[in-house]
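All remarks here apply to the structure that follows.
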């Protein structure tokens with residue numbers, strides 16, 4: 308998590324940009340259950356200084372959506388060398 312600068316929100320009020328990097332994985336209960344490979348996301352949160360509320364969120368995915376979908380439908384990335392490998396595991400956080 309990083310405070311990444313200051314911007315104005317859509318009403319001209321000062322807000323801090325907080326960037327969070329996170330790893331996601333999981334599954335969905337369609338087509339007999341599909342596993343979603345782990346991948347990384349960076350989220351920018353625009354936090355208004357006046358009251359500390361998040362007034363805007365923007366996500367940036369490390370891989371394109373089609374890569375996530377093809378990996379899930381194909382049972383993994385190993386069958387296609389053009390797909391990105393899963394994001395590495397993260398260590399225990401304290």
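Residue numbers (the working numbering): 308 to 401.
We put the beta carbon where it would ideally sit given N, CA and C, even for glycine.
Sequence-distant residues of the same chain with beta carbon closer than 6 Å to residue i, five excluded per side
i           : result
residue 361 : 352, 354
Beta-carbon proximity check, residue i vs residue j, cutoff 8 Å
i           : j           : result
residue 343 : residue 370 : no
residue 396 : residue 347 : no
Identity of the residue in the options nearest residue i by Cα
i           : options            : result
residue 345 : 358, 363, 338, 379 : 379
Assumed close pair residue i, residue j - CB separation to whole angstroms, cut-off 8 Å
i           : j           : result
residue 367 : residue 349 : 5 Å
residue 313 : residue 322 : 7 Å
Simplified DSSP assignment, three categories, for residue i
i           : result
residue 322 : strand
residue 389 : coil
residue 358 : coil
residue 331 : strand
residue 340 : coil
residue 370 : coil
residue 312 : strand
Proximal residues to residue i (C-beta, below 8 Å), its chain only, five neighbours per side dropped
i           : result
residue 335 : 341, 343, 379
Beta-carbon proximity list for residue i, same chain, < 7 Å, skipping 5 on both sides
i           : result
residue 359 : none
residue 357 : 320
residue 390 : 374, 377, 378, 384
residue 406 : Limits of the chain in this structure are 308 at one end and 401 at the other, which puts residue 406 out of reach.
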